[in-house]
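Here this note's numbering is used: position 429 in the sequence shown is 410, and no number is missing along the way.
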Amino acid sequence: VNKITTVSEFYLKRFGPMCSNIYSWVMLVAYVLVFMVPVLYGGSLAFSMLTGFDFYFVLWLTVILVGMYTIKGGLLSVMWTDFLQCAFLVGGGLVLFLISLSYIPGGWSAMVQAAPERFHLYRPPGDKMAPFIGIILLAVNLGVFYQATNQVMIQRIFAAKSTRDGMLGMIFAGFINFIRPCVTVFLGFVVYHWINKMGNAEPLSKADEAFPFALKTFAPAWGLRGIVLAGFLAAIMSTISSLVNSIATIFALDVYKKIHPQAPDKTIIRSGQLVAALSLIIAGLMAPMIEHFGGIFKYFQTGVTYLATPFACIYIMGLFWKRTNYAGAIFGLVGGFIITILLVIGLNLADIELHWAYVGAIVQVLTILGIIIVSLMTAPPPESQWKPFLWRPSMLRQYNEGGKKTPWYKTITFWYAMYAAIWFYVYWRFW
-18 VNKITTVSEF YLKRFGPMCS NIYSWVMLVA YVLVFMVPVL YGGSLAFSML
32 TGFDFYFVLW LTVILVGMYT IKGGLLSVMW TDFLQCAFLV GGGLVLFLIS
82 LSYIPGGWSA MVQAAPERFH LYRPPGDKMA PFIGIILLAV NLGVFYQATN
132 QVMIQRIFAA KSTRDGMLGM IFAGFINFIR PCVTVFLGFV VYHWINKMGN
182 AEPLSKADEA FPFALKTFAP AWGLRGIVLA GFLAAIMSTI SSLVNSIATI
232 FALDVYKKIH PQAPDKTIIR SGQLVAALSL IIAGLMAPMI EHFGGIFKYF
282 QTGVTYLATP FACIYIMGLF WKRTNYAGAI FGLVGGFIIT ILLVIGLNLA
332 DIELHWAYVG AIVQVLTILG IIIVSLMTAP PPESQWKPFL WRPSMLRQYN
382 EGGKKTPWYK TITFWYAMYA AIWFYVYWRF W
């Protein structure tokens, strides 16, 4: 409808060039340091533990292999590896969880009785890992940023043959996501029970070792282990290749093409490929430093939280409040990062330890207030700038119908309602 090919173009058409430029440059850096580095580190660590290969050998082999097929193959190669890794990792991971659970006398019930506090989504406000209130306050921003303003995700939607297909694809991916806790969280429960309650192994030195430990301990020989390991390797490579492809796209279309508007397509594509190769090298050099930041989860969530808030705030305001203008958006981006930096520095100077979720929630509120105040104090945007992007409930009906009457069981609204209902049940069940 709006003929955009990158998230940066949304910021350009809805707000103005400065917002687009800030997004492009910040995300180029973030995709390398916040997204690619932890994936490279975690994948290389797990694979080296399982195979006995040297960590650095696995790390640089991954960099080389991903670079070889992604930089030349583009989005098509990325989507094929995504499909394969999903089938292998989700299917094999689910089987691995069921097999590992059979090793626990009494199964699921025994694990719940041994540590009932670990089977609740609600964690106290002072919990060091995941305080529920902080997570809820920040959930909208993190979700919007990762799913709606992340070029890695959005690029798949842009590749769909229609908006309806793209939306249904996202909902389908959400249903697949219900299996993920079995591969990650629930498998972690089994490892915890096996080590801490049954005393069958020495405690792990770091949480990042839990998955390779489970695969090595519970997977029978190299049958299932090989399938899951292949899926795991494909997952690492497809995730990195997705990031590399997005880096190439953003740089080529949103940076190089703006600087050299008359450049031929071949030169523009080549510029993206060169930057993609450079990003892989930088990520490979930075990956070993993750262990100094408290592990993969803390590194990634902290980085995403501080990065997400400014972009998600102006995205939400731009979609739902027509009065949001260029000046307000600039404040949201620049002011949001400044607020984050000042808040983190202030907390450190005052020796106050505040969970990253609370930090993000505070920044979120202050940034949105700033956007509203600045937008109201300056001229409103022209209708042509906000109208094409303002969300309206009628949009759902438009995509449901597609020019002809659609049966209720094929509508986007129905499948999204089903998806939401299952999540509500999950939260009620594990509250």
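No residue lacks a Cβ here, since even glycine has one placed at the ideal position from N, Cα and C.
Everything numeric in this text was worked out from a predicted model, so none of it was measured.
Distance from the CA atom of Thr(-14) to the CA atom of Ala68, rounded to whole angstroms, is 28 Å. Assignment of Pro388 by DSSP, reduced to helix, strand and coil, places it in the coil class.
Distances from the alpha-carbon of Val20 to those of Met49, Ala188, Ile221 put Ile221 closest. Contact annotation: Phe170 and Met92 have beta-carbon atoms nearer than 9 Å.
Of Tyr(-8), Gly48, Gly33, the smallest CA-CA separation from Leu259 is found for Gly48. Look at the beta carbons and you see the stretch 386 to 393 not touching the stretch 135 to 144: under three pairs across the two are nearer than 8 Å. Per the coordinates, the alpha-carbon of Ile160 lies some 7 Å from the alpha-carbon of Leu75. When DSSP states are grouped into helix, strand and coil, Pro269 belongs to the helix group. In the three-state reduction of the DSSP assignment, Met148 falls in the helix class, which pools H, G and I. For Glu(-10), the enclosing alpha helix (DSSP H) covers residues -12 to -5. Bounds of the alpha helix (DSSP H) holding Trp396 are 393 to 410.
Pairing Ala268 with Tyr22 gives a Cβ-Cβ distance under 9 Å.
For the 9 Å CB-CB criterion, Asn122 and Ala289 form a contact.
Inter-residue distance for Asn329 and Ala111 is about 20 Å (C-alpha atoms, whole angstroms). Straight-line spacing of the CA atoms in Phe199 and Ile80 works out to 7 Å.
In the same chain as Lys187, and ignoring 5 residues on each side of it, the C-beta atoms closer than 7 Å to its own belong to Gly276, in chain order.
With fewer than 16 other CB atoms across the displayed protein chains lying within 10 angstroms of its CB, Thr165 is exposed.
In this structure, DSSP gives Ala111 a state outside helix and strand, which the three-state scheme calls coil. If you check the CB distance, Leu9 and Ile231 come in under 9 Å.
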